[in-house]
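J.:
There are 2 protein chains.
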Amino acid sequence: MRLLDFFRSSPASAPAAKERLQILLAHERAGRKGPDFLPKLQKDLLRVVAKYIRIDEDKVSVHVEDAGGVSMLEVNIELPGHMAAARR
Amino acid sequence: MRLLDFFRSSPASAPAAKERLQILLAHERAGRKGPDFLPKLQKDLLRVVAKYIRIDEDKVSVHVEDAGGVSMLEVNIELPGHMAAARR
Numbered sequence: 001m002r003l004l005d006f007f008r009s010s011p012a013s014a015p016a017a018k019e020r021l022q023i024l025l026a027h028e029r030a031g032r033k034g035p036d037f038l039p040k041l042q043k044d045l046l047r048v049v050a051k052y053i054r055i056d057e058d059k060v061s062v063h064v065e066d067a068g069g070v071s072m073l074e075v076n077i078e079l080p081g082h083m084a085a086a087r088r
Numbered sequence: 101m102r103l104l105d106f107f108r109s110s111p112a113s114a115p116a117a118k119e120r121l122q123i124l125l126a127h128e129r130a131g132r133k134g135p136d137f138l139p140k141l142q143k144d145l146l147r148v149v150a151k152y153i154r155i156d157e158d159k160v161s162v163h164v165e166d167a168g169g170v171s172m173l174e175v176n177i178e179l180p181g182h183m184a185a186a187r188r
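So the sequences go chain by chain: A and B.
Heads up: the first sequence is residues 1 to 88, going by the numbering used here.
Heads up: the second sequence is residues 101 to 188, going by the numbering used here.
1. Which chain A residues are close to residue 120 of chain B, counting only those with a beta carbon under 7 Å from its beta carbon?
2. So what's residue 129 of chain B in DSSP terms, helix, strand or just coil?
3. How far does the beta strand (DSSP E) with residue 166 of chain B in it extend, from its first residue to its last?
4. Does the distance from the CB of residue 125 of chain B to the CB of residue 138 of chain B come in under 8 Å?
5. Distance cutoff 8 Å, beta carbons only. Does residue 155 of chain B sit that close to anything in chain A?
6. When burial is assigned at 16 or more other CB atoms within 10 Å of the CB, is residue 56 of chain A buried or exposed?
7. Got a sec, what are the start and stop residues for the alpha helix (DSSP H) residue 43 of chain A sits in?
8. From the DSSP output, which residues share a beta bridge with residue 78 of chain A?
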């Protein structure tokens, strides 16, 4: 899981230009146990991003993992290429 | 700029355990010109994160760059290790 792999996954020559947005969150907890807040934070973040761009929930993929005291959240969003920024 | 470099930047043997949170956003714009929304989004993101954890503004570093049609926003936050999640 690395930033920009999401972008590289489609051929550069694809005729239908798409916009993509990737959000990565990594939280290193120093000793504190218990559930992490990243999954809850995810919904709030998408709500904030949706103020700037229109998001189709079908085009959102979310991946959460927890390893070595670091919780990671990856959100990939595909946006139609013709889409302008949503009006606030 | 790579996810987890922020975490690796401190020696693993550091006696004062710290919590860290890293947020990376990458926005690939397909042909659309004009200013990106990431810098504006940054403040909203921090406001959302602050609902979950207390943030000391002195411990927040932000980096924005724009290259090859991809805008990237990197936010690194250091949290005191003893800090529990803020009550909502």
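In this text, a Cβ means the ideal position worked out from N, Cα and C, and glycines have one as well.
T.: In short:
1. 28
2. coil
3. 160–167
4. yes
5. no
6. exposed
7. 38–49
8. A/20
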